[in-house]
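Counting from 614, one number per residue, gives the positions in the sequence shown under our numbering. Heads up, the beta-carbon is just placed ideally off N, CA and C, and yes, glycines get one too. The structure displayed is predicted, hence computed values, not measured ones. Here the structure is laid out as structure tokens; the discussion comes afterwards.
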Amino acid sequence: MSALLFAILLFFPYIDAKLALDLGPWHADAPLADLAALLLAPFGLVLAWRTRWRPPGWQGFAALLAVGWMSAWLGDAAGRALHELLRKVLFSGVVYGLCMALAVKECRDTDLLRKALLLGVGACASISVTTSVLRIGGGDALWWQSIEGLTNNHKTLAVAMAPTLPLLWSWRDDRVARWVVGLGVLALAVSMSRTAWIAAAAGGTYLIQWRGRPLAARPWVVPAIVIVGVLAATFGPHLIDSAAQLDALRSRQSLDKRAWLLFLDNPLLGGSPGASIRYEIPTFPDYRVNGVEAHGVLQKIGGEYGLLGLLAYGWMFLGLARASRGHWTWPCFVALHVNLLLSTETFTQTHWALLGLVLGLAARR
614 MSALLFAILL
624 FFPYIDAKLA
634 LDLGPWHADA
644 PLADLAALLL
654 APFGLVLAWR
664 TRWRPPGWQG
674 FAALLAVGWM
684 SAWLGDAAGR
694 ALHELLRKVL
704 FSGVVYGLCM
714 ALAVKECRDT
724 DLLRKALLLG
734 VGACASISVT
744 TSVLRIGGGD
754 ALWWQSIEGL
764 TNNHKTLAVA
774 MAPTLPLLWS
784 WRDDRVARWV
794 VGLGVLALAV
804 SMSRTAWIAA
814 AAGGTYLIQW
824 RGRPLAARPW
834 VVPAIVIVGV
844 LAATFGPHLI
854 DSAAQLDALR
864 SRQSLDKRAW
874 LLFLDNPLLG
884 GSPGASIRYE
894 IPTFPDYRVN
904 GVEAHGVLQK
914 IGGEYGLLGL
924 LAYGWMFLGL
934 ARASRGHWTW
944 PCFVALHVNL
954 LLSTETFTQT
964 HWALLGLVLG
974 LAARR
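Pasting the structure below:
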């Protein structure tokens, strides 16, 4: 199991590092981290059966699956919706939220996990910095670029790394960790990913001391960072008059608009799993982002699962938060979920692999 955990932590930032096969008329592809997690799943399921361990928040997760099942059958693309529910939601919860978390909980050598994360983040930060320098040198400082074979948008690397920095900082304070965290901070800075900046700042407030207490000990600090960050991300492009940033902002507004329309069509159950990508708006400028995932967990869950889905997800979140709060992994947990407010990571490896790690480490207490 340790080798598979090592592989997950090494490859989790790369959504386009995948294995693809054509099996007759069926094309199958999966990221390397998902494949490693899938191989880990049988061991995790046997452990779960033997120990009767249940991951925190499982009741809310089961309720979300039930809502998604009902929404899928009532939608206009039941087959695609059910595939989304099984491949993204059920897969993430079972292989990462249950099996990976339990494997981490039972792992005898947690220092191996720490080394794997250090190596994974160090490699990812090096790739991110190098490609960002090339991007900035080419005159595209505020625009996004794909990295062939790794990701379709360089900012996803920064978003994946952001929650790892407070985790590595609080796991063990040594020279290697300081270098990796420092390189990660540099990578986030030059990535120009506002989502990653906000998430890392929120997690970092639990570790930065001011007048003898962590900044986050003041209950208004984290909400203030999120609110100010979102306002800056919204109005900043207008202030600097950047065409690239204004285009990105308008794209987000179009995505929010389609999530709202999906919600209005069926406020109780939403438009069905995966509807954010399937729903199309034919008019300018909204048609430009047809086929793009919702940017934000509230938009994703609200638009696809409706009010019942939001309640189920909130139930799951509260269970996860109760299990992690007070543990040294809490800053990472906070950064992970601040990430979700502005990103497309709701049911992807970049979120769930770290969540499985956090849940497993927290359960070891």
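query = Do you know whose CA, among L955, P638, D647 and S937, lies nearest A845's CA?
reply = L955
Check: alpha helix (DSSP H) containing H950: first to last residue?
Finding: W943 to L953
Kindly provide the ranges of any alpha helix (DSSP H) runs that are 4 or more residues long and lie completely inside the segment 899-977, ordered along the chain.
-> 910-937, 943-953 and 962-976
Check: So what does DSSP say about I821, is it helix, strand or coil?
Finding: coil
- Query: DSSP state of P644, grouped into three classes?
  - Reply: strand
What runs of the alpha helix (DSSP H), each 4 residues or longer, lie entirely inside the segment 650-713?
671-687 and 691-697
Since T764 and D860 should fall inside the 8 angstroms C-beta cutoff, what is the C-beta to C-beta distance between them, to a whole number of angstroms?
Not really, about 20 angstroms apart at Cβ, beyond 8 angstroms.
Practice item. Round the Cβ separation of T959 and L953 to the nearest angstrom and send it over; I've been treating them as touching at under 8 angstroms. Key: 6 angstroms
- Message: Short of 6 angstroms in beta carbon distance, which residues of its chain neighbour D642, apart from the five on each side in sequence? Order them along the chain.
- Response: K631 and A633
- [ ] Can you say whether T847 is buried or exposed, counting buried as having 16 or more other CB atoms within 10 angstroms of its CB?
- [x] exposed
Which value, in whole angstroms, describes the spacing of the CA atoms of G825 and L781? 22 angstroms
query = Would you say G681 and V702 are within 8 angstroms of each other, going by their C-beta atoms?
reply = yes
Could you check what DSSP says for D635 in three-state terms: helix, strand or coil? strand
With 16 other CB atoms within 10 Å as the buried threshold, where does R865 fall?
buried
Exercise. Rounded to a whole number of angstroms, what is the C-alpha to C-alpha distance between L695 and I621?
Worked result: 26 angstroms
Whole angstroms are fine: how far does the CA of R891 sit from the CA of G919?
16 angstroms
**Message:** For A813, which residues in the same chain have their Cβ closer than 7 angstroms to its Cβ, ignoring the five residues on either side in sequence?
**Reply:** A775, L778, L801 and A948
field: Proximal residues to H908 (C-beta, below 7 angstroms), its chain only, five neighbours per side dropped
entry: R865, L868, L955, S956 and T957
Practice task
Please specify which runs of the alpha helix (DSSP H), each continuous and at least 4 residues long, are wholly inside the segment 760-824, giving them in chain order.
Solution key: 768-774, 777-784, 788-804 and 807-817
Practice problem: For the alpha helix (DSSP H) containing C737, list its first residue and its last residue. | Solution: T723 to G750
Measuring only the C-alpha atoms, how far is R700 from E761? 24 angstroms
> Do T818 and V835 come within 8 angstroms of each other at the CB atom, strictly closer than that value?
Replying inline: yes
Check your understanding: CB-CB under 7 angstroms to D647, same chain, minus the five flanking residues each way: which ones, in chain order?
Key -> Q962
Candidates L877, W792, L931 and A966, of which the one nearest W671 by Cα: L931
May I ask you to report which of helix, strand or coil DSSP gives R831? coil
ask   = So, are the CB atoms of L881 and L921 less than 8 angstroms apart?
value = yes
Hey, is S739's beta-carbon within less than 8 angstroms of any beta-carbon in chain B?
Here chain B cannot be found, since the structure has a single protein chain.
Do you know how far the Cα of S885 is from the Cα of A691?
-> 8 angstroms
### Message
Assuming contact is defined by CB atoms lying nearer than 8 angstroms, are E917 and A888 in contact in what I supplied?
### Response
yes
Exercise for review: Assuming G915 and A872 form a contact by the criterion Cβ under 8 angstroms, report the distance between their Cβ atoms to the nearest whole angstrom.
Suggested key: 6 angstroms
With a CB to CB cut of under 8 angstroms and the five nearest residues on each side skipped, what residues in its chain are close to C720?
-> M614, S615, L618, L726 and G973
What does DSSP give as the partner residues of R826 in its beta bridges? W823
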